[in-house]
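Numbering follows UniProt numbering, with no gaps: position 241 of the sequence shown is 241.
From the three backbone atoms N, C-alpha and C, an ideal C-beta is built for every residue, glycine too.
Predicted model, so just to flag it, every value in this text is computed and none were measured.
Report on one structure; see the data block that follows.
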Amino acid sequence: MIPSCLTLQLTPFFPSPLLPVNRLSLLSSSTFPAFAAKSRRLAFAATKAPSISTMAAEQENVGNLKRKLAKLFQLSLDATVPGEPDIEPQVAACTAKFGDYQCNNAMGLWSKIKGRPGIEFRGPPAVGQAIMKNLPQSEMIESCSVAGPGFVNVVLSKNWMAQNIQKMLVDGIETWAPKLSIKRAVVDFSSPNIAKEMHVGHLRSTIIGDTLASMLEFSNVEVLRRNHVGDWGTQFGMLIEFLFEKFPNFEDVNETAIGDLQAFYKESKQRFDVDAEFKDRAQKAVVRLQSGEQMYRKAWAQICEISRREFDQVYQRLGVHLEEKGESFYNPHIPGVIEALTNQGLVEESKGARVIFIEGINIPLIVVKSDGGYNYASTDMTALWYRLNEEKAEWIIYVTDVGQQQHFDMVFKAAKRAGWFPADDRQYPKASHVGFGLVLGEDGKRFRTRSSEVVRLADLLDEAKTRSKAALIERGKAAEWTEEELEQTAEAVGYGAVKYADLKNNRLTNYTFDFDQMLNDKGNTAVYLLYAHARICSIIRKSGKDTEELKKTGKIVLDHADERVLGLHLLQFAEVVEEACSNLLPNVLCEYLYNLSENFTRFYSNCQVVGSAEETSRLLLCEATAVVMRKCFFLLGIKPVYKI
Ligand code: ARG
1 MIPSCLTLQL TPFFPSPLLP VNRLSLLSSS TFPAFAAKSR RLAFAATKAP SISTMAAEQE
61 NVGNLKRKLA KLFQLSLDAT VPGEPDIEPQ VAACTAKFGD YQCNNAMGLW SKIKGRPGIE
121 FRGPPAVGQA IMKNLPQSEM IESCSVAGPG FVNVVLSKNW MAQNIQKMLV DGIETWAPKL
181 SIKRAVVDFS SPNIAKEMHV GHLRSTIIGD TLASMLEFSN VEVLRRNHVG DWGTQFGMLI
241 EFLFEKFPNF EDVNETAIGD LQAFYKESKQ RFDVDAEFKD RAQKAVVRLQ SGEQMYRKAW
301 AQICEISRRE FDQVYQRLGV HLEEKGESFY NPHIPGVIEA LTNQGLVEES KGARVIFIEG
361 INIPLIVVKS DGGYNYASTD MTALWYRLNE EKAEWIIYVT DVGQQQHFDM VFKAAKRAGW
421 FPADDRQYPK ASHVGFGLVL GEDGKRFRTR SSEVVRLADL LDEAKTRSKA ALIERGKAAE
481 WTEEELEQTA EAVGYGAVKY ADLKNNRLTN YTFDFDQMLN DKGNTAVYLL YAHARICSII
541 RKSGKDTEEL KKTGKIVLDH ADERVLGLHL LQFAEVVEEA CSNLLPNVLC EYLYNLSENF
601 TRFYSNCQVV GSAEETSRLL LCEATAVVMR KCFFLLGIKP VYKI
């Protein structure tokens, strides 16, 4: 029988628009001359999809100021240098006081055009002047100026800003969501290994992956949240044999009997290491499992199920939703995918194994081990194939520690050699590895318990909650609130603190796990941010006004400097979330949220809200801040609290 994946392999992944096959083979032969002959027979899979940088530009994101300005500057650049069509406008938020945004094209453009016949400009400032002069009229711009070597500064109209914030309040924050041109993505995250400990590395993957998935979902992308659990592999031989030995009636065994699966794993590993006879049985058990022997399959399923229940508890507590498609799911597809890759001439023999060589990397990707078995890479090649062909995902994102970077680099490059991805990395379909650093203990070493055990996630969450509850009790909340309120707030704050402490760092750096620091109510912590949000809610409550009513009848004005700063920051939500999402960097959103809170504090200390002449406008600004903060919390997987 021809494996289903083989027939599909020869069919283009995305039906249109496809280049004719002969053009495609030309394309592949110029990219990979060495494989030209063999790949000529195969249809090239890649279609031309929009690049990341242009993806949101196509469908207008009404909230994205930077893109709106870029459109205006595009028109201006076209008019300024008609002979140079494709100049991409470089628009950035201003760092200096001269404006809110700036266009930075003048210098680059000057070096491109100077000396050409018919060019009248004398240096970058003149180019900047021309760009400014050619900028179309727009209600969003109040004034422009040119500074230094041709930077064109833009001051936004505060009326326009105010109107847009108000519009968001009426139409909803969704109107500020990025609009990506892809329809479906896979986020492969969390992915612990059955019966092994789910450690803080998996916690990082779970937290970061959940945020990335949420950001994509907010951008109207359908996300397949995949838990690629390690449910296949040699460790199962040992676990199954140990299960048989300890529980002859293994089918009736449940998690209470086994107790702790990690301890069970450890015990069986000890046996495996010291007892040669057991080791031999365990190795044979792997073969029996893989050949599908019923009893072994049952025992395997049993162990997976117990593990799954444990994982689910953690997911439930974290409020993270994912769908398990473990390594074993892809097994039936592996032979077909390897055969197809072999037919393309990509798989070679090396030291008894079958491997794919990758340009620039001195070790090859082993896809069939020398004993004929499959490994992590065989599964990942197959899972990638499945996600592209069966699930029709356009962006496939893997969240693991940086230690696996090379593995994914090789998998992606092998896939590219196979023609699964377009030659241009900026185009879809594409795959991205989202790597993250280690979690360190206060001693600066890998995070462990005092007895140098792996820290259990459940224990970690327990402690975060206990500590945040104690802090609430210390603030007298036990007397003020119901037990349920106390519990819920302690949980929101405790879990939020753990998540935020992780997400606020650039994910590639290591970070130190420190309860005292993450649960501090001052500084850049979830506690501080959640309290800030609760305070805003309390200001609104105390005013006695109905913001639903104010939204319709009231009007926002941004006359005070601190109102304007806050307003501008609110309006920048759309471009920040788009950047965080496109670059897969949750810390960008955290930084935005922290600055939002700081800007709010400044506004609130300098602008009286309740009882002032500007009360309505300022209450609406409070409400807009709370709405944006809540969306940030939601995207970061943090539950907001409303009173404190
Ligand atoms: N189970 C792996 C680990 O614990 C992570 C799997 C990541 N996903 C993947 N498709 N390889 O390290």
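In this structure, the alpha-carbon of residue 557 lies about 14 Å from that of residue 623. Residue 92 carries a strand assignment under DSSP once its states are collapsed to helix, strand and coil. Sixteen is the threshold: since fewer than 16 other Cβ atoms of the shown chains lie within 10 Å of the Cβ of residue 170, the residue is exposed.
Within 6 Å of the C-beta of residue 333 there is not a single heavy atom belonging to the ligand ARG.
Taking 7 Å as the cut-off, the Cβ atoms of residue 495 and residue 644 do not count as close.
Non-local C-beta neighbours of residue 157 in its own chain, meaning closer than 8 Å and more than five positions away in sequence, comprise 139, 140, 141 and 142, ordered along the chain. If you check the C-beta of residue 228 against the ligand ARG, you find a heavy atom less than 6 Å away. Excluding its 5 nearest sequence neighbours in each direction, residue 524 has C-beta neighbours in its own chain below 7 Å: 504 and 594, listed in chain order. Here DSSP, grouped into helix, strand and coil, assigns residue 370 to coil. Per the coordinates, the alpha-carbon of residue 350 lies some 24 Å from the alpha-carbon of residue 290. Remark: the shortest separation between the CB of residue 380 and any heavy atom of the ligand ARG falls under 6 Å. Not a single heavy atom of the ligand ARG lies less than 6 Å from the C-beta of residue 206. The three-state reading of DSSP puts residue 430 in strand, counting E and B together. Apart from sequence neighbours up to five positions away, the residues of its chain that approach residue 521 with a beta-carbon distance below 7 Å are 527, 528 and 531, ordered along the chain. Assigned with DSSP and collapsed to three states, residue 609 falls in coil, not helix or strand.
Contact between residue 98 and residue 130 is ruled out by a C-beta separation of about 18 Å, above the 8 Å threshold. By the criterion of at least three beta-carbon pairs nearer than 8 Å, the segment 196 to 212 is in contact with the segment 432 to 444.
Around the beta carbon of residue 332, a 10 Å sphere encloses fewer than 16 other beta carbons of the protein chains shown; the residue is thus reported as exposed. The three-state reading of DSSP puts residue 137 in coil, since its state is none of H, G, I, E or B. Residue state for residue 145 is assigned as strand, using DSSP reduced to three classes. Here residue 399 really is in contact with residue 187; their C-beta atoms are around 7 Å apart, less than 8 Å. Residue 470 counts as exposed, since fewer than 16 other C-beta atoms from the protein chains shown sit within 10 angstroms of its C-beta. In the structure shown, residue 185 falls within a strand segment according to DSSP collapsed to helix, strand and coil. In this structure, the C-beta of residue 193 approaches the ligand ARG to less than 6 Å from one of its heavy atoms. Going by beta carbons, residue 299 and residue 240 fall inside the 7 Å limit. Here the C-alpha atom of residue 209 lies approximately 7 Å from the C-alpha atom of residue 190. Annotation for residue 309: the continuous alpha helix (DSSP H) segment containing it runs 294 to 318.
Residue pairing of residue 440 in beta bridges, as defined by DSSP: 446 and 512. Shown here for residue 629: same chain residues with a beta carbon closer than 6 Å to its own, the five before and five after excluded, namely 533 in chain order. In this structure residue 549 is exposed. Its beta-carbon is surrounded by fewer than 16 other beta-carbon atoms within 10 angstroms. One alpha carbon belongs to residue 587, the other to residue 216, and they sit about 15 Å apart. Judged by pairs of C-beta atoms under 8 Å, the segment 551 to 569 touches the segment 598 to 609, as three or more such pairs exist. Per DSSP, the beta bridge partners of residue 350 are 353. The beta carbons of residue 385 and residue 430 sit no closer together than 7 Å.
Rounded to the nearest angstrom, the Cβ distance from residue 194 to residue 231 is 5 Å, consistent with a contact under 8 Å. Residue 546 sits in coil when the DSSP states are folded into three classes, being neither helix nor strand.
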